[in-house]
């Protein structure tokens with residue numbers, strides 16, 4: 229599975245600690261993350277991370293583009309709901325794309341842990357059907 233990891237500044241350490249706590253789950257998947265978050269995860273959790281741009285510099289939109297193409301299977305986005313952000317429209321667009329593409333998204337530590345437990349139990353295996361269908365359409369083998 230391809231998992232996107234994003235955290236606002238005050239939530240970065242919380243996300244890193246979550247990834248460290250569930251390292252055995254995350255190491256089985258491909259991780260994508262925005263800017264500083266991705267670097268912190270790579271440095272502190274010692275996991276491979278595809279690092280995109282910082283959220284305010286387009287990283288949220290890059291992940292949104294991957295979601296729109298059904299390249300992301302789950303999103304953990306620890307947001308700071310108490311701070312207004314200049315790039316809030318990007319955040320809203322990303323969450324909307326997750327809804328449109330039926331991509332599970334967690335925006336706080338409680339739902340993130342539930343999502344990780346689902347990954348651990350292979351409850352998201354239905355996403356493999358999405359990938360198979362997408363591959364068949366690209367190769368023209370659907371019938």
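In this note's numbering, the protein residues as written are 229 to 371. In this text, a Cβ means the ideal position worked out from N, Cα and C, and glycines have one as well. These numbers were taken from a predicted model, which means no experiment stands behind them.
> Under the rule that 16 or more other beta-carbon atoms within 10 Å means buried, what is residue 333, buried or exposed?
Replying inline: Result: buried.
>> Here's the rule I'm using: 16 or more other beta-carbon atoms within 10 Å means buried, otherwise exposed. How should residue 179 be labelled?
In response: Because the chain here runs from 229 to 371, residue 179 falls outside it and cannot be looked at.
>> Suppose you measure from the CA of residue 230 to the CA of residue 240; what does that come to, to the nearest Å?
In response: Each residue's alpha carbon lies about 20 Å from the other.
>> For a minimum of 3 consecutive residues, which ranges assigned as the beta strand (DSSP E) are wholly contained in the region 288–350?
In response: Whole beta strand (DSSP E) segments, 3+ residues: 302–306.
> On the three-pair Cβ rule with 8 Å, is the region 296–313 touching the region 271–279?
Replying inline: Judged by Cβ distances under 8 Å, the region 296–313 makes no contact with the region 271–279, as fewer than three pairs qualify.
> When the Cα of residue 238 is compared with those of 311, 352, 251 and 349, which residue comes out closest?
Replying inline: Answer by Cα proximity: 311.
> Would you report the Cα separation of residue 242 and residue 258, rounded to the nearest angstrom?
Replying inline: The alpha-carbon atoms of residue 242 and residue 258 are separated by roughly 20 Å.
> What is the DSSP secondary structure of residue 235, reduced to helix, strand or coil?
Replying inline: If DSSP states are grouped into helix, strand and coil, residue 235 belongs with the strands.
>> If you follow the beta strand (DSSP E) that residue 280 is in, where does it begin and where does it stop?
In response: Where residue 280 is concerned, the enclosing beta strand (DSSP E) stretches over 277–280.
> Does the distance from the CB of residue 256 to the CB of residue 298 come in under 9 Å?
Replying inline: For residue 256 and residue 298, no; Cβs fall outside 9 Å.
> How would you write the range of the alpha helix (DSSP H) that residue 273 sits in, first residue to last?
Replying inline: Segment 263–273, the alpha helix (DSSP H) holding residue 273.
> DSSP on residue 352, reduced to helix/strand/coil?
Replying inline: When DSSP states are grouped into helix, strand and coil, residue 352 belongs to the coil group.
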